[in-house]
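Everything on this sheet refers to the single structure shown next.
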Amino acid sequence: AIAERQASTDELTGTASRRMFLARLEAAGEAAKANGTAFSVALFDVDHFKSVNDRFGHDVGDAVLRHVGALATAIVGRHGLVGRLGGEEFAVLMPGRSLDQAAGLCEALRKACSDTDDMPEGVVPVTISVGVAAMARGCAPADALKAADAAMYLAKTGGRDRVQIVR
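If you read the sequence shown in this note's numbering, its first letter stands for residue 3, the second for the next number, and so on.
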């Protein structure tokens, strides 16, 4: 049971592991295909995370990742699944959520992350760039993730600290 939990949970943040997230994404894709339900997926990462580590140290960087993971789980958790894909990159699976609903949840997360007053380490500047995509009918789950990744790239090149959707 412990090994299973370790395989399904990211050790640092307590969010779903990459493996668990991708398995749940595939399952959501199968369910969407079978019963025609929609889902949305988002990718986000912490802007300028390397400079957070360089300026404040890796312990604070880890605390930022835990904080962001906890915020994401609190805001999105009951509406979906939050997973850490690696480094400072997270993904959110939102079954039954339209693109606009998913974007609203991600905007709430973006705002919560930029409010750094409640960081235990004091004021550490934290912003996130988010890409959101909806699973189109007949689209493979991996394609929805790629679309969210492309949207996240647009959010970053568009100035960071924003939510970008792909229609």
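Each residue gets a CB set at the ideal place from its N, CA and C atoms; glycine is no exception.
{"Asked": "Proximity to Leu95 [Cα-Cα], best of Asp12, Leu27 and Thr39", "Found": "Leu27"}
{"Asked": "Residue environment, Thr75, which counts as buried when at least 16 other CB atoms sit within 10 Å", "Found": "buried"}
{"Asked": "Coarse secondary structure for Leu101, derived from DSSP in three states", "Found": "helix"}
{"Asked": "Sub-9 Å separation of Asp56 and Arg162 beta-carbons", "Found": "no"}
{"Asked": "Helix, strand or coil at Thr159 [DSSP, three-state]", "Found": "helix"}
{"Asked": "Under the three-state DSSP convention, the category Thr75 falls into", "Found": "helix"}
{"Asked": "Residue(s) in a DSSP beta bridge with Leu83", "Found": "Leu95"}
{"Asked": "Best match in Met154, Ala146 and Arg164 for proximity to Phe41 [C-alpha to C-alpha]", "Found": "Ala146"}
{"Asked": "At least 3 beta-carbon pairs within less than 8 Å: the segment 70-87 vs the segment 10-28", "Found": "yes"}
{"Asked": "Cβ-based neighbour list, Val168, same chain, cut-off 6 Å, excluding 5 preceding and 5 following", "Found": "Ala135, Ala149 and Ala153"}
{"Asked": "Distance, Cys108 Cα to His29 Cα", "Found": "Reading the sequence as shown, one finds Ala at residue 29 and not His. When rounded, the distance between both Cα atoms is 22 Å."}
{"Asked": "Leu101 vs Gly133 beta-carbon contact at 9 Å", "Found": "no"}
{"Asked": "Simplified DSSP assignment, three categories, for Asp1", "Found": "As shown, the chain starts at 3 and ends at 169. That puts residue 1 outside it, with no answer to give."}
{"Asked": "Residues that DSSP places opposite Thr11 in a beta bridge", "Found": "Ala18"}
{"Asked": "Cβ neighbour criterion (16 or more within 10 Å) applied to Ser131", "Found": "buried"}
{"Asked": "Contact set for Gly31: own chain, Cβ-Cβ below 6 Å, skip 5 residues either direction", "Found": "Pro143"}
{"Asked": "Pairwise C-alpha distance: Val126 and His38", "Found": "With the sequence shown as reference, residue 38 is identified as Gly, and His is not the correct amino acid for it. Rounded to whole angstroms, Gly38 to Val126 spans 43 Å at the Cα level."}
{"Asked": "Residue from Val78, Cys115 and Arg139 with nearest C-alpha to Ala44", "Found": "Val78"}
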